[in-house]
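Using the UniProt record's numbering, you'd call the opening residue of the sequence shown number 1 and step up by one each time. All remarks here apply to the structure that follows.
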Amino acid sequence: MREFTASQTAARYNIDNSLPVNMHENATHTCEQLEKVRAILGNNPLIITSGWRNPALNKAVGGSASSDHATARAVDIRCPKFGTARTIARVLAASDIEFDQLILESPTLPGAWVHIGFRKGTNRRQVLTKFAGDKTYYAGVK
1 MREFTASQTA ARYNIDNSLP VNMHENATHT CEQLEKVRAI LGNNPLIITS GWRNPALNKA
61 VGGSASSDHA TARAVDIRCP KFGTARTIAR VLAASDIEFD QLILESPTLP GAWVHIGFRK
121 GTNRRQVLTK FAGDKTYYAG VK
């Protein structure tokens, strides 16, 4: 949970990104699903680049007002010991893990990452790619 709420941007701007009690259930579910992601990725360490974002932090990073990060239901990850963000996205998309949305973010940049969101109940298993500087989300892993 500490990794899920940590934020370099929050530290830089002195934003308290503590998880409120009403988000514990969502955060716990997301972190439980991350353990499944870790297993799929060979039990290699996951680097969380963004997890829970309170409203001030979400605004500071330019996040959407409807971002699942703001409800503790999404996380951005990298797993360098497993492979590139594109490889991770392909493997997770092909797995049986129940995710709501999986987005390959900025795949042409060295710091590319995978956004993955989880909801209790019905998940869309939506797979998208978003390139840096492009506002369009493309279906599938590109």
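Just so you know, even glycine gets a beta-carbon here, dropped at the ideal spot from N, CA and C.
- Along the region 20–63, the alpha helix (DSSP H) occurs as fully enclosed runs of 4 or more residues at 24–40, 55–60, listed in sequence order.
- Annotation: His-115 to Pro-20 spans about 22 Å, alpha carbon to alpha carbon.
- Inter-segment contact for the region 58–66 and the region 74–93 is absent: fewer than three beta-carbon pairs are separated by less than 8 Å.
- Per DSSP, Glu-98 lies in no beta strand (DSSP E) segment and is marked neither H nor E.
- Val-141 and Asp-134 have their C-alpha atoms some 15 Å from each other.
- Between Ile-103 and Leu-128, the C-beta spacing is below 7 Å.
- 7 Å or more divides the Cβ of Trp-52 from the Cβ of Ala-85.
- Ranking Arg-2, Ala-93, Gly-111, Asp-16 by CA distance to the CA of Cys-31 puts Arg-2 first.
- Of Gln-8, His-29, Ile-47, the smallest CA-CA separation from Arg-119 is found for His-29.
- In the three-state scheme derived from DSSP, where H, G and I count as helix and E and B as strand, Thr-9 is classed as helix.
- Each of Val-37, Gln-8, His-24, Asn-14 was checked against the Cα of Ala-94, and the nearest Cα belongs to Val-37.
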